[in-house]
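>
Residue numbers (this note's numbering), protein chains in the order written: chain A, 694 to 909; chain B, 21 to 494.
Written out as structure tokens, the structure reads:
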């Protein structure tokens, strides 16, 4: 097979694989929040920890059935490995670990779905930090309901979100994404998404033209 | 544009289009430090003077827009999306219906210590666009996207000089650079990194040209100008400066063999042009002890051994017997590799963990093919030892600058400036690695692998954009 034909075939195969991967992705459903232990839109700093082994626990948690991930509001530049456990009635229901190196204001754990909703449950997260600052974020609560670090109560509860696979696929959410992308912008409108898509298609076309002219 | 290959222009076009796409995709002010950089441009454009304070107390009109956009609520919290509901929209419209204009912005946060060249360039679209801060921001972002094209253009030209024998490989490397998501994201935002990347790519191209064709007066002046632009666009360029100066010196020595001692004057000319406009700014920064360079020299604590140990571990696994500054963290993989693969917005937009594992496969393949090509051509590479040493010095200089800046905040923050975007000034070298990897597949399959590598970068870019869209608007 001549070089031109080989390159054309590889390019066509690569583009086809990319389109299939995009289609598969669009058929997936994003995780949605099944339940959260707060109704507040704001997060307050509950505690700063930067040394030693830390275990933060809070009781009276409701763990819905069918959830596949749990999100905690912790903040760090490069967070440590975190272990999560949930117990109820003296039995451990959930055990999960997330690796170190997470960033920003949340850390997510993949968990096995429970068959039925559990209440009350005690949720604990433990980690070891040498110097890196880890912030616990949450909402104020009474001392009796507050999260506890090494047994001592904080000023509130750490925000926990329980996630489940949504029913809507990414493809069905496309119109929402197109709409929202154009909000709170200069010259608001859905044109943002369409022009962004056109620019990317043009970039891809220019790249394919270059491949055809230079590599074939 | 006479003499510039058509393929180089196509690479530049791809980079511009890609960065423009990123500029529409990223929500206003939701790219790293964008509010600070916007404030700097506002101050410079409206008063003609740089900002005086590093506080994040922006102008009332910028604050008004940031609050209306729920900036702090969305930033760093991937569970929070941008404005979506009808209620939020009407609240946004009410809050931004009458924005009281105030002149300048005395504070510009982290941007305040940076040199003014990029901001001066961005003052033009800022003033031309007029209107609300959002109108101005969009215009500034689109102008910034043009710098991505300049970066890709010079990356292609660098490859033409560095790997002269394989024409098709230049396009593979050039397109890989053009489609690098981090280049698109940062150049599609208001951030001096855009000009820094372009100046760095130009410097690498000019050095490569000098090593291949020799140093003449025109090249010496061009090198000096590229260096001056780099230093005046962002202080990070100082990390590349030792390697650049070494390159100028080596080129001078080589030229002196044929042209006599007068060739040393060309090196001196390049260094003088490069350093003179930057000297005043850098010297005032160092001498005052207030600017970041001054801080680096005066505030670094601990012994030299401790600092070197930290710098080593910031990039590579810790050596047994030394203090582990990053326990439980494999910095090479978790900070740099994963960060390059996908960490967008305010470091709050990540792929699922399996994507980073999957990315190891193509990365390993690229490393193997590239390594194979280097081994195959080791004899000819020996003759280019001084050139490679110059690129290595530039790389090490930049790595050390990032490590020193991070060490200032250690141990409270283990790796404060460990951001993969800071390595993008070296993106032409990434282009060279990709081009060599394609060539390493052999004469028969090289172009095929090259085409597939370009599509790999396309896929990386497209999925990164989808990730960002899902995070903010999904």
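Backbone N, C-alpha and C fix where the C-beta goes; we use that ideal spot for every residue, glycine too. Since this is a predicted model, take the numbers as computed values, not measurements.
In whole angstroms, what is the alpha-carbon distance linking residue 908 of chain A and residue 327 of chain B?
On the first chain, residue 908 of chain A is found 215 positions in, with the first residue counted as 1. On the second chain, residue 327 of chain B is found 307 positions in, with the first residue counted as 1. So the alpha carbons of these two residues sit roughly 47 Å apart.
> Can you name, in chain order, every residue of its own chain whose Cβ lies under 8 Å from the Cβ of residue 803 of chain A, other than the five neighbours on each side?
Counting from 1 along the first chain, the entry for residue 803 of chain A is found at position 110. Here the set comprises 761, 762, 789.
> For chain B, check one thing: does any of its Cβ atoms lie closer than 8 Å to the Cβ of residue 902 of chain A?
Within the first chain, the letter at position 209 stands for residue 902 of chain A. Among the CB atoms of chain B, one or more fall inside 8 Å of the CB of residue 902 of chain A.
> Is there a Cβ from chain A that is less than 8 Å from the Cβ of residue 164 of chain B?
In the second chain, residue 164 of chain B corresponds to position 144, counting from 1. With 8 Å as the cut-off, residue 164 of chain B does not count as an interface residue toward chain A.
> Is residue 367 of chain B close to chain A? Criterion is C-beta to C-beta, closer than 8 Å.
As a working mapping, residue 367 of chain B is identified with position 347 in the second chain. Yes, contact with chain A.
> Our contact map puts residue 79 of chain B next to residue 129 of chain B with C-beta atoms below 8 Å; I'd like the distance itself, whole angstroms only.
Counting from 1 along the second chain, the entry for residue 79 of chain B is found at position 59. Counting from 1 along the second chain, the entry for residue 129 of chain B is found at position 109. With a Cβ gap of about 12 Å, residue 79 of chain B and residue 129 of chain B do not count as contacting.
> In terms of DSSP beta bridges, what is residue 821 of chain A paired with?
Indexing the first chain from 1 puts residue 821 of chain A at position 128. As a beta-bridge residue in DSSP terms, residue 821 of chain A pairs with A/746.
> Are the beta-carbon atoms of residue 358 of chain B and residue 335 of chain B separated by less than 8 Å?
As a working note, residue 358 of chain B is residue 338 in the second chain. As a working note, residue 335 of chain B is residue 315 in the second chain. No.
> Let me confirm a value: residue 237 of chain B is counted as buried when at least 16 other C-beta atoms fall within 10 Å, else exposed. Which label applies?
Position 217 of the second chain holds residue 237 of chain B. Answer is exposed; the Cβ neighbour count stays below 16.
> When you measure from the CB of residue 242 of chain B to every non-hydrogen atom of the ligand MG, does any distance come out below 7 Å?
Within the structure as shown, the ligand MG is missing, as the structure has no ligands at all.
> For the region 842-870 of chain A, which residues have a CB atom closer than 8 Å to at least one CB atom of chain B, in sequence order?
854, 863, 866, 869, 870
> Does the pairing of the region 280-297 of chain B with the region 247-258 of chain B give three or more beta-carbon distances under 8 Å?
yes
> Is residue 732 of chain A close to chain B, meaning its C-beta is less than 8 Å from at least one C-beta of that chain?
Along the first chain, read from residue 1 onward, the residue named residue 732 of chain A stands at position 39. No, residue 732 of chain A does not count as interfacial toward chain B.
> Do residue 859 of chain A and residue 976 of chain A have their beta-carbon atoms positioned less than 8 Å apart in this structure?
In the structure as shown, chain A starts at 694 and stops at 909, and residue 976 of chain A therefore has no counterpart that could be examined.
> Per DSSP, residue 795 of chain A is paired with what?
Here the question's residue 795 of chain A lines up with position 102 in the first chain. Partner(s): A/772.
> How big is the Cα-Cα spacing for residue 81 of chain B and residue 154 of chain B?
Position 61 of the second chain holds residue 81 of chain B. Position 134 of the second chain holds residue 154 of chain B. Taking the straight line from one Cα to the other gives about 11 Å.
> What does residue 112 of chain B reach in chain A if we use C-beta pairs closer than 8 Å?
Locating residue 112 of chain B in the second chain gives position 92, counting from the first residue. Under the 8 Å cutoff, chain A gives 876, 877.
> Straight-line CA distance for residue 107 of chain B to residue 868 of chain A?
Locating residue 107 of chain B in the second chain gives position 87, counting from the first residue. Locating residue 868 of chain A in the first chain gives position 175, counting from the first residue. Rounded to whole angstroms, residue 107 of chain B to residue 868 of chain A spans 19 Å at the Cα level.
> Could you spell out where the beta strand (DSSP E) holding residue 763 of chain A opens and where it closes?
For this step, residue 763 of chain A is matched to residue 70 along the first chain. Run containing residue 763 of chain A: 762-765, per the beta strand (DSSP E) assignment.
> Let's test the definition: count the other Cβ atoms within 10 Å of the Cβ of residue 175 of chain B and tell me whether it reaches 16, buried, or not, exposed.
Numbered from its first residue, the second chain carries residue 175 of chain B at position 155. Buried is the call here.
> Name the chain A residues whose beta carbon is nearer than 9 Å to that of residue 436 of chain B?
Numbered from 1 along the second chain, position 416 holds the residue referred to as residue 436 of chain B. Here the neighbours are 770.
> Between which residues of its own chain and residue 54 of chain B is the CB-CB distance below 6 Å, once the five residues before and five after are set aside?
Translated into the one-based positions of the second chain, residue 54 of chain B becomes position 34. So the list reads 209, 210, once near-sequence residues are dropped.
> Could you name the residues of chain B that residue 775 of chain A contacts, counting a contact when the two beta carbons are closer than 7 Å?
Working through the first chain from its first residue, we reach residue 775 of chain A at position 82. Within 7 Å Cβ-Cβ: nothing; residue 775 of chain A doesn't reach chain B, min ~11 Å.
> Could you tell me how far apart the beta carbons of residue 749 of chain A and residue 817 of chain A are, in whole angstroms, since I believe they sit closer than 8 Å?
Counted from its first residue, the first chain places residue 749 of chain A at position 56. Counted from its first residue, the first chain places residue 817 of chain A at position 124. The pair is a contact, with the Cβ atoms about 7 Å apart (cut-off 8 Å).
> So, is residue 403 of chain B buried or exposed, given that buried needs 16 or more other C-beta atoms within 10 angstroms?
If you number the second chain from 1, residue 403 of chain B lands on position 383. So residue 403 of chain B ends up on the exposed side.
> Going by C-alpha distance, which of B/157, B/24, B/406, B/466 is nearest residue 696 of chain A?
Here residue 696 of chain A corresponds to residue number 3 of the first chain, with the count starting at 1. Among B/157, B/24, B/406, B/466, the Cα nearest to that of residue 696 of chain A belongs to B/466.
> I'd like the list of long-range same chain contacts for residue 780 of chain A, defined as Cβ closer than 7 Å, with 5 residues on each side in sequence excluded.
Taking the first residue of the first chain as position 1, residue 780 of chain A is located at position 87. If we look at residue 780 of chain A and ignore the five residues flanking it on each side, its Cβ neighbours are 786, 814, 815.
> For the region 131-140 of chain B and the region 868-879 of chain A, state whether three or more C-beta atom pairs, one from each stretch, are separated by less than 8 Å.
no
> Within 10 Å of its beta-carbon, does residue 395 of chain B have 16 or more other beta-carbons around it, so buried, or fewer, so exposed?
Locating residue 395 of chain B in the second chain gives position 375, counting from the first residue. When all chains shown are included, residue 395 of chain B counts as exposed.
> Does the count of Cβ pairs from the region 216-233 of chain B and the region 437-448 of chain B closer than 8 Å reach three?
The region 216-233 of chain B, when compared against the region 437-448 of chain B, does touch it at the 8 Å Cβ threshold.
> Using beta carbons (cut-off 8 Å, strictly below), is residue 456 of chain B in contact with chain A?
Looking up residue 456 of chain B in the second chain gives position 436. Residue 456 of chain B does not count as touching chain A.
> Going by the beta-carbon positions, is the gap between residue 460 of chain B and residue 392 of chain B smaller than 8 Å?
On the second chain, position 440 is the one that residue 460 of chain B refers to. On the second chain, position 372 is the one that residue 392 of chain B refers to. Contact flag set, yes.
> Is there a Cβ from chain A that is less than 8 Å from the Cβ of residue 474 of chain B?
Locating residue 474 of chain B in the second chain gives position 454, where the first residue counts as 1. Using beta-carbon distances, residue 474 of chain B counts as an interface residue toward chain A, with a partner under 8 Å.
> If you drop the 5 nearest sequence neighbours on each side, which residues of the same chain put their C-beta closer than 7 Å to that of residue 275 of chain B?
Within the second chain, residue 275 of chain B is the residue found at index 255, counting from 1. Taken in chain order, the residues that qualify are 234, 235, 283, 286.
> Would a check of beta-carbon distances place residue 390 of chain B closer than 8 Å to chain A?
Taking the first residue of the second chain as 1, we reach residue 390 of chain B at position 370. False, the Cβ-Cβ gap to chain A never drops below 8 Å.
> How is residue 483 of chain B classed by DSSP in three states: helix, strand or coil?
Within the second chain, numbered from 1, the residue matching residue 483 of chain B stands at position 463. DSSP places residue 483 of chain B in helix when its eight states are reduced to three.
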